[in-house]
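Throughout the sequence shown, residue numbering follows the numbering used here, covering -3 to 640 in sequence. Note that beta-carbon positions come from the ideal geometry of N, C-alpha and C, so glycine has one too.
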Amino acid sequence: MSRQPNLESVAGDPLISSDLAAFSPSRSRLAHRSVLSALSSESMLEEPSEHEPLLRPGRPRKPFYRARPLWLVPFAITAALTRGMTTAPRVEVFTQLACSRLHPHPFNHTLVEVPSFSSDHIISISSSVDPLGPHLSPSYLTQVIHFDYTANRTSDDDPRDLPSPQCLSDPAVQAAAAQLQTIMVTTMGLLSALTTGWWGHFGERHGRTKVLAIATSGLFFTDLMFILVSTPDSPLSSHGHKLLIIAPIIEGFLGGWSTLQSATSAYVSDCTSSGSRATIFSRFTGVFYVGFSMGPAIGGWIIKNGIGTRSGQPKSVTAVFYLAVLCSFTNLLLVLFVFPESLSAEKREEAAREHAMTHSAKGKARDLRGQDSGNNDQGPSTSSDEGVSETKRFAIIRSFLSPLSIFLPVTIIEAEGDRRHRDWSLTMLAAALFGYMLSTGIYQLKYLYAVHVYGWGAEQLSYYISFMGGARATFLLLLLPFFISVLKPKVKTPAKSSNGKATKPKSTKAHLAREIRFDLLLTRISFVIDILSNVLVVLSPAPIYKVHTSSSPSSPASRHSEALFVMASSLTSMGCGAVPAVQSLALCITQARTIIETGAGPEDQAKGSAGTGRLFGALAVLQATGQMILGVSTDSVTLDMCHV
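Structure follows, in structure tokens:
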């Protein structure tokens, strides 16, 4: 007589689906058994039968070569170092080109014989802002580098004998240098805002690594143009203005920093679990801060020690650009040949099919409208031609606004179909982020305030900027992730399975709602801290004008006011978690919308779902528009009003 199969062994059989194990009557009693009975049941489960394989399959291990955020850490640090260490040399090239245009004279504009810039000059050219969230503007680090110029300075004070103090102190030269840099930054920012959304869609169809490689190649080309302009005796140095205008155009078309940031965030999102990702986004933002803080120091050390120049020759900034090109080329090779793709082939094919269907539907709609207009025309088709020209005229505007359509309010229909409501959450979140990025774009006025009110020189300003950068990096890398790990809602750890192995806790709809509330609270706290910091800076007492303009040592009242300013402005380092919190909250909101419409669980939403690249592309467009375009313009208008 055949023996009846044991239900416990059937439930624990690896050949049977794990879903059937939930219906085993023994599972409800496992939590109430003693240790002895649990061990005995495990021994019964391990007793082999004729239906079980002799060798149980082991726990599957994840392959080492898989997409994960750790791959992007050296990439992000190298990219930020490259951007940071070329900031001061770029300012040098801008100034020398302005001198050569206003005072034509044969010279080598790569020689670092430039004395310290005045505070007005530094503020006027401080429009080089990267759309990486709130971070210090490296343009002010031109004061950090100090050189001994007396050995190379000639006795002739002719302004044409460049670089002379008269030329560098000429307001016309300062204005020309500021104009050149403003044109570059505005051009690159505008083109990046126009193309970032398109590159986000491109990444969903062709992969994130392709977009990272394209954006990196744009940065590589810009540094290469600076090499051609700053190389001694280069035949292209006389066309420096034209080359430096071409560089931001190409970099902007290839996405620039905004596309690099959005592709990095999308890659990280593809590699992490669903739910709140504020911790990983915070750490990656902190990684960028580390690079931006260390980059200017590395560039200054290279120039000061004359790396790459022969003995007896004047120091040159060209070596910094050579190192930057080498770093960008290394990043390009890593992205193309080393980093694994985060999106699977199935996801890319699905996104490509959706893209093709969308474009085919739009084409059919245009054909139908054309047929209707042709049937209604009684005379010459002048109205049709005007309609075509009007369509082309607004094509650029539509291409710019199309990525932002993800922030429009949508009507959500639940899976049952009996309830619908209009969701404005992403719209409000986008408006808040845009205002925050606009405030960070005009943040540079605090440096002007410190220079003119407290009489800070190059040394004090460099210490302040380094302190702010280090505080933000420390908060984003260490403090904020610690607070998130302690306060973030946890998924309840399930009981061990029948074979004694713990399973990974699954996310539920209720847990996703708790994580959305947590990210929303974190975003609000970050905004409140940033607003509080700005309010305290305004309310902090300023020293008397006679005190900070006199040559005597600062009084205790002035030192007290200066300390209050530093403490109040340093609070912004605790509010810089707004950008990673907004990114995580936006992802959770889009995931919640899909769950409500489809009725699926959070675990059913695959990683790297369609729309992630589009979302981060739209966020990058907001950052580029608010920080690089409108923020810079507002800063320039404010400075012009102050100088009037």
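Considering only Pro576, Glu88, Thr594 and Ala553, the residue with the shortest C-alpha distance to Val316 is Glu88. Using a 10 angstroms sphere on the CB of Met624, the tally of other CB atoms reaches 16 or more, which defines it as buried. Asp266 and Arg204 have their C-alpha atoms some 9 Å from each other. Looking only at Gly196, Glu200 and Gly252, the smallest Cα-Cα distance to Phe216 is reached by Gly252. Contact between the segment 239 to 247 and the segment 278 to 294 is absent: fewer than three C-beta pairs spanning the two stretches fall below 8 Å.
Note on Thr621: 16 or more other CB atoms within 10 angstroms of its CB, so buried under the neighbour-count rule.
Scanning Leu474, Tyr445 and Ala171 for the CA closest to the CA of Tyr460 turns up Tyr445. When secondary structure is reduced to three states using DSSP, Ile409 falls in the strand class. Bridge partners of Arg418 according to DSSP: Thr407.
Contact annotation, Ala347 with Phe612: C-beta distance approximately 14 Å; criterion of less than 8 Å not satisfied. Using a Cβ-Cβ distance cut-off of 8 Å, the segment 508 to 525 and the segment 566 to 584 are in contact, since at least three pairs of beta carbons, one from each stretch, lie closer than that value. Secondary structure note for Ala509: its alpha helix (DSSP H) is the uninterrupted segment Lys505 to Leu535. Of the candidates Tyr450, Gly437, Val482 and Met424, the residue whose Cα lies closest to the Cα of Pro552 is Tyr450.
For Ala173, same chain residues with a beta-carbon under 7 Å away, outside a window of 5 residues either side, are Phe90, Thr91, Ala94 and Ile121 in chain order.
Buried is the label assigned to Met464, since at least 16 other Cβ atoms lie within 10 Å of its Cβ.
At a Cβ-Cβ threshold of 7 Å, Gly271 and Leu77 do not count as neighbours. Beta-carbon to beta-carbon, Arg415 and Thr407 are separated by about 11 Å, too far to satisfy the 8 Å threshold.
Comparing C-alpha distances from Leu425 to each of Leu68, Leu626 and Phe523 shows the shortest one belongs to Phe523. In the three-state reduction of the DSSP assignment, Ser289 falls in the helix class, which pools H, G and I. The closest CA to that of Asp219, considering only Thr314, Glu342, Ala506 and Glu511, is found on Thr314.
The continuous alpha helix (DSSP H) containing Pro576 extends over residues Ala574 to Thr594. By the Cβ-count criterion, Phe333 is exposed, with fewer than 16 other Cβ atoms from all chains shown falling within 10 Å of its own Cβ. Here Ala582 is buried, its C-beta having at least 16 other C-beta atoms within 10 Å. With a cutoff of 7 Å on beta-carbon distance, Ser258 and Pro477 are scored as not near each other. Relative to the Cα of Ser421, the nearest Cα in the group His507, Arg513 and Lys343 belongs to Arg513. Of all alpha-carbon atoms in His556, His197 and Val169, the one lying nearest the alpha-carbon of Lys343 is that of His197.
The beta carbon of Ile210 is closer than 6 Å to those of Leu250 in its chain, skipping five residues each way along the sequence. For Ala189, the enclosing alpha helix (DSSP H) covers residues Pro167 to His202. Per DSSP, reduced to three states, the secondary structure at Ser270 is coil, with no helix or strand assignment.
Between the C-alpha atoms of Leu475 and Leu66 there is a straight-line separation of about 20 Å.
Between Ser529 and Leu473 the beta-carbon gap is near 20 Å, outside 8 Å, which marks them as no contact.
Scanning Lys486, Ser401, Ala538 and Glu558 for the CA closest to the CA of Leu457 turns up Glu558. In the three-state reduction of the DSSP assignment, Ser398 falls in the coil class. Non-local beta-carbon contacts of Trp195 in its own chain, meaning distances under 6 Å to residues more than five positions away in sequence, involve Val207, Gly251 and Thr255 in chain order. Within the same chain, and ignoring the five residues on either side of His507 in sequence, the residues whose Cβ sits closer than 8 Å to its Cβ are Gly271, Pro485, Val487 and Pro598. Less than 7 Å separates the beta-carbon of Leu618 from that of Leu429.
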